[in-house]
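J.:
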Amino acid sequence: MGMMRHTFVIDADGKLEKIYKKVKAATMADDILKDLELAG
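Per the numbering used here, the very first residue in the sequence shown carries number 38; after that it's consecutive.
1. Using alpha carbons as the reference points, say which of K52, V60, G51 lies closest to T44.
2. Based on the DSSP output, what are the partners of K61 in its beta bridges?
3. Helix, strand or coil for K55 per DSSP?
4. Spatial neighbours of L53 within its chain, please: CB distance less than 8 angstroms, with the 5 preceding and 5 following residues excluded, ordered by chain position.
5. Excluding five sequence neighbours on each side, which residues of the same chain lie with their C-beta closer than 6 angstroms to the C-beta of Y57?
Here you go:
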């Protein structure tokens with residue numbers, strides 16, 4: 038087992054909104070922006 042990368046999205050109130058597991062640094066920003074557009 039090697040390193041595992043996770044990303045946590047926290048809202049303005051400090052509440053954990055989403056956990057992304059096994060993320061890829063090259064595509065993570067785009068994935069988060071797409072999710073935010075769908076939610077907003």
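We put the CB at the ideal spot given by N, CA and C, even for glycine.
T.: On the basis of the supplied data:
1. Taking the first residue of the sequence shown as position 1, residue 44 is located at position 7. T44 has its Cα closest to that of V60, out of K52, V60, G51.
2. The sequence position of residue 61 within the sequence shown is 24, counting from 1. K61 is not bridged to any residue.
3. As a working mapping, residue 55 is identified with position 18 in the sequence shown. Strand at K55.
4. The residue you call residue 53 lines up with position 16 of the sequence shown. So the list reads F45, V46, I47, once near-sequence residues are dropped.
5. Reading the sequence shown from its first residue, position 20 is the one you call residue 57. The residues are T44.
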